[in-house]
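Here is the structure we will look at.
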Amino acid sequence: MLPEVKKAGTLFAAFLVEHNLLLAIVDRAVPLLKEMFPDSPTAKENKCRPTKTRQIVSSLASEAKEKTVGMVQNRPFSLSTDASNNKGSEQLYPIILRYHNGTEVVTEVLNITTDYPFRQLH
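Below you can see the structure in the form of structure tokens.
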């Protein structure tokens with residue numbers, strides 16, 4: 001596989017995550033890109049599908065997690081959660097991490113769960 005094709009797949013997967021788009025979009029986007037750019041060897045060789053894109057996203061998530069853990073290991077940070085006032089049948093509990101990265105305060109959503117995340121602490 002050409003390095004440009006790997007880079008294109010990684011950039012596209014990151015774009016989907018950044019904009020909270022469904023991975024199923026890949027099934028239509030890849031053929032569309034080939035149609036839009038018929039002279040591009042990168043578009044021609046791109047064979048990404050949802051499963052492969054999911055693997056790329058998982059790899060990117062692991063790297064992001066390692067980076068975040070490295071940032072908070074020797075710095076003060078806070079974790080917080082609060083139940084949503086959702087009128088549906090499930091309450092949502094977002095888990096929020098805040099820390100200072102040396103330049104600014106960073107807020108990250110670590111998880112959103114339907115089970116109270118600190119139940120075992122009670």
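Mind the numbering: the sequence shown is residues 1 to 122 in UniProt numbering, read in order.
Note that CB positions come from ideal geometry on N, CA and C, so glycine has one too.
Task: As assigned by DSSP and simplified to three states, the class of residue 40 - done: Position 40 of the sequence shown, counted from the first residue, corresponds to residue 40. Secondary structure at residue 40: coil, using DSSP grouped into helix, strand and coil.
Open item on the list: Quick check: the Cα distance between residue 27 and residue 49, rounded to an integer number of angstroms?
Closed with: One-based indexing of the sequence shown puts residue 27 at position 27. One-based indexing of the sequence shown puts residue 49 at position 49. The alpha-carbon atoms of residue 27 and residue 49 are separated by roughly 6 Å.
TODO: Please state whether DSSP places residue 76 in a helix, a strand or coil.
DONE: Residue mapping note: residue 76 aligns to position 76 of the sequence shown, counting from 1. Coil at residue 76, not helix or strand.
Open item on the list: To the nearest angstrom, how far is the alpha carbon of residue 10 from that of residue 68?
Closed with: Position 10 of the sequence shown, counting from 1, holds the residue named residue 10. Position 68 of the sequence shown, counting from 1, holds the residue named residue 68. Their Cα atoms are separated by approximately 20 Å.
Task: Burial state of residue 53, where buried means 16 or more other Cβ atoms lie within 10 Å - done: As a first step, residue 53 is located in the sequence shown; it is residue number 53 there, counting from the start. Per the 10 Å Cβ criterion, buried.
Open item on the list: Buried or exposed for residue 30, going by 16 or more other Cβ atoms inside 10 Å?
Closed with: By one-based count along the sequence shown, residue 30 stands at place 30. Buried is the label assigned to residue 30, since at least 16 other Cβ atoms lie within 10 Å of its Cβ.
Task: CB of residue 114 within 8 Å of CB of residue 92, strictly - done: The sequence position of residue 114 within the sequence shown is 114, counting from 1. The sequence position of residue 92 within the sequence shown is 92, counting from 1. One thing to note: residue 114 has its Cβ within 8 Å of the Cβ of residue 92.
TODO: Report buried or exposed for residue 24, applying the criterion of at least 16 other Cβ atoms within 10 angstroms of its Cβ.
DONE: By one-based count along the sequence shown, residue 24 stands at place 24. Counting Cβ neighbours within 10 Å, residue 24 comes out exposed, since fewer than 16 surround it.
Open item on the list: How far does the alpha helix (DSSP H) with residue 11 in it extend, from its first residue to its last?
Closed with: Counted from its first residue, the sequence shown places residue 11 at position 11. It spans 3-18 - the alpha helix (DSSP H) in which residue 11 sits, taken as one unbroken run.
Open item on the list: Is residue 76 a contact residue of the ligand HEM, with contact defined as CB to any heavy atom under 7 Å?
Closed with: In terms of ligand content, the structure shown is empty, and the ligand HEM therefore cannot be addressed.
TODO: Measure the Cβ-Cβ separation of residue 94 and residue 81 and say whether it is below 8 Å.
DONE: Residue numbering aside, residue 94 sits at position 94 when the sequence shown is read from its first letter. Residue numbering aside, residue 81 sits at position 81 when the sequence shown is read from its first letter. Yes, the Cβ-Cβ distance between residue 94 and residue 81 is below 8 Å.
- [ ] Measure the alpha-carbon distance for residue 112 versus residue 83 and round it to whole angstroms.
- [x] Here residue 112 refers to the residue found at position 112 when the sequence shown is read from its first residue. Here residue 83 refers to the residue found at position 83 when the sequence shown is read from its first residue. One C-alpha to the other measures close to 10 Å.
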